[in-house]
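Q: Numbering (the numbering used here), first residue to last: 27 to 302.
Backbone N, C-alpha and C define an ideal beta-carbon position, used for all residues, glycine too.
Okay, handing you the structure first.
In structure tokens, the structure reads:
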């Protein structure tokens with residue numbers, strides 16, 4: 027239900043209808059079920075044609091989804107892709123664990139990716155480049171427990187729910203993310219001084235401050251690296267998209283920003299965009 031609501035808003039904002047969508051991609055960390063795919067149910071609910079599938083790269087799912095959608099558009103396998111991030115975080119939480127019980131929220135975001143030729147939205151953003159990275163770690167783990175913890179062998183078992191080693195994650199992930207963004211900018215021959223906005227994964231404001239400081243070479247302003255964590259909590263893959271949605275309107279044509287998400291896996295995705 028919340029996915030359909032987000033999709034309706036995205037379609038209205040982009041001047042599209044379900045008939046324009048030929049691929050639906052659900053990219054999130056907390057699926058309601060393994061199958062049938064949530065994306066196919068959304069496709070059916072809005073009356074879209076074409077194909078649909080789900081993907082999960084934990085908190086990085088949205089940026090991995092953006093690259094996947096952009097690649098489909100570039101290759102011609104789809105003309106207009108709907109990428110949706112319905113996050114039901116609360117079903118996976120151990121409410122007695124302070125490393126997780128109070129920091130997450132449930133939400134859904136939706137983004138439409140299409141060619142410049144078919145785009146009719148007066149406020150459009152060009153994807154200049156995408157970059158993905160993964161490195162295995164058990165420091166953030168979820169054994170899909172909300173589906174199997176009631177099994178006879180699973181009742182009361184801690185490993186059936188979300189768990190993380192937060193301090194280890196902070197120490198290990200921050201330099202990885204800063205390095206990825208810096209390398210990505212360099213590959214596109216963009217200077218950090220040209221970066222007007224950093225829409226980062228919303229898990230920890232201190233983490234984001236440190237990442238932005240490493241990338242920019244100075245302390246970021248609250249406008250350059252906006253925080254929505256204090257209002258919406260950690261919404262997993264949707265957090266960086268919410269930050270983009272709420273903190274983009276004051277940018278001008280040709281301004282450049284980066285959407286970057288990171289999390290379990292470890293996984294990092296960065297999408298550098300320019301306002302048209």
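Quick one: what's residue 77 bridged to in DSSP?
A: 49
Q: Go to residue 92, then tell me how far its alpha helix (DSSP H) extends in each direction, as first and last residue.
A: 87-101
Q: Assign residue 136 to one of three DSSP states: helix, strand, or coil.
A: Here DSSP, grouped into helix, strand and coil, assigns residue 136 to strand.
Q: Hey, quick one: how far does the alpha helix (DSSP H) through residue 196 stretch, first residue to last?
A: Where residue 196 is concerned, the enclosing alpha helix (DSSP H) starts and stops at 192-213.
Q: What did DSSP end up calling residue 22 once you bin it into helix, strand or coil?
A: No answer is possible for residue 22: it lies beyond the span of the chain, which begins at 27 and ends at 302.
Q: Can you look up residue 57 in the DSSP assignment and give me helix, strand or coil?
A: coil
Q: Looking at residue 197: is its Cβ nearer than 8 angstroms to the Cβ of residue 283?
A: no
Q: Within a Cβ cutoff of 6 angstroms, which residues of the same chain sit near residue 236, ignoring the five residues on either side of it in sequence?
A: 200
Q: I need the boundaries of the alpha helix (DSSP H) containing residue 34, first residue and last residue.
A: 28-40
Q: Going by DSSP in three states, residue 130 sits in which element: helix, strand or coil?
A: Reduced to three states, the DSSP call for residue 130 is strand.
Q: Does the segment 245-257 come within contact of the segment 36-47, defined as at least 3 CB pairs closer than 8 angstroms?
A: no
Q: Looking at the structure shown, is residue 156 part of a helix, part of a strand, or coil, going by DSSP?
A: Strand at residue 156.
Q: Pick helix, strand or coil for residue 114, following the three-state DSSP scheme.
A: coil
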